[in-house]
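**Student:** Counting in numbering that gives the first Met the number 0, the final residue of the sequence shown is number 157, and the numbers go up one at a time with none missing.
Idealized CB from N, CA, C, for every residue including glycine.
Fair warning: this is a prediction, and the values are worked out from it, not measured in the lab.
Sending over a structure as structure tokens; questions will come in a sec.
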Amino acid sequence: MIRTAIALPLLLFTCILWGQDSTAASQSGKGALQRALEYEIMAPCCYGGPVGDHDSDAAKQVKVQIARLLAEGKTKEEILDMYVAIYGEQILARPRAQGFNLLAYIMPPLILLIGGLLFVYFLNRIRTPAADTAPVKQKAYSDELFNKIEKEMQELNI
């Protein structure tokens, strides 16, 4: 029963991924590298989205240029470096993980980790009351004083 509950979603997920990959490859004669590059380079007309999703003339020119450069034998890094040299770092859909841009990759997980730890810390503080807040019950009178008062009351017959 447990095996089926685990295997069925896993099989379904695999089929969905395999189906998406094959339909994307059959949709156009583009190679995987060209599609990947089109989604790593922003449209230079407005930087509103990657070239792969954009239909402007500038985006179409970039798509043609990517295909031509790949046909010439250029690598992915060479093509990306060429566009960075022409347009600057803003042409990249994802910033390169170097220098100041490295913070874009480090800070989100770090913030989530610190926030999670703070959440657990304050949750534990709410559930366990502090020892200082409970008042300590003290005797109003010591036993000696109590015995002395009892003795005096007996002597007075009260």
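Roughly how many angstroms separate the alpha carbons of Met41 and Glu76, rounded to a whole number?
**Tutor:** If I take the Cα positions, the gap works out to 15 Å.
**Student:** Check for me: the alpha helix (DSSP H) holding Asp52 runs from which residue to which?
**Tutor:** Unbroken run through Asp52: none, as it is neither H nor E.
**Student:** Taking the continuous alpha helix (DSSP H) assigned at Lys147, which residues delimit it?
**Tutor:** Run containing Lys147: Asp142 to Leu155, per the alpha helix (DSSP H) assignment.
**Student:** Thr22 to Val50, Cα distance in whole Å?
**Tutor:** Interpretation of Thr22 is limited by its pLDDT of 39, a score under 50 that renders its predicted location unreliable; no figure is taken from the coordinates.
**Student:** Does the segment 104-114 come into contact with the segment 60-67, if we say contact requires no fewer than three beta-carbon pairs (one atom in each stretch) closer than 8 Å?
**Tutor:** The segment 104-114 is not in contact with the segment 60-67.
**Student:** Find the nearest neighbour of Leu32 within the set Gln89, Ala103 and Arg67, judged by alpha-carbon distance.
**Tutor:** The candidate whose alpha carbon is nearest that of Leu32 is Arg67.
**Student:** Going by beta-carbon coordinates alone, are Cys44 and Asp52 separated by less than 9 Å?
**Tutor:** No, Cβ-Cβ distance for Cys44 and Asp52 is not below 9 Å.
**Student:** Please report the Cβ distance between Leu91 and Leu102, rounded to the nearest whole angstrom; I am assuming they are in contact, meaning their Cβ atoms lie under 8 Å.
**Tutor:** Actually they are not in contact, since the Cβ atoms of Leu91 and Leu102 sit about 16 Å apart, beyond 8 Å.
**Student:** Can you tell me where the alpha helix (DSSP H) holding Glu37 begins and where it ends?
**Tutor:** Glu37 -> alpha helix (DSSP H) spans Ala31 to Glu37.
**Student:** Give the straight-line distance between the Cα atoms of Leu69 and Arg124, rounded to the nearest whole angstrom.
**Tutor:** Computed Cα separation, rounded: 59 Å.
**Student:** Am I right that Arg93 and Glu39 are in contact with their C-beta atoms under 8 Å? What's the rounded C-beta distance?
**Tutor:** Contact holds; Cβ gap of about 7 Å.
**Student:** Output the boundary residues of the alpha helix (DSSP H) element that contains Gly114.
**Tutor:** It spans Leu102 to Arg126 - the alpha helix (DSSP H) in which Gly114 sits, taken as one unbroken run.
**Student:** Where does Leu7 land, buried or exposed, given buried means 16+ other C-beta within 10 angstroms?
**Tutor:** With a pLDDT of only 48 at Leu7, under 50, the local geometry of the prediction cannot be trusted, and the value read off the model is given with reservation. By the 10 Å Cβ count, Leu7 comes out exposed.
**Student:** What is the C-beta distance between Gln89 and Tyr46, in whole angstroms, given that I count them as a contact (C-beta under 8 Å)?
**Tutor:** So it is a contact: roughly 6 Å between Cβ atoms.
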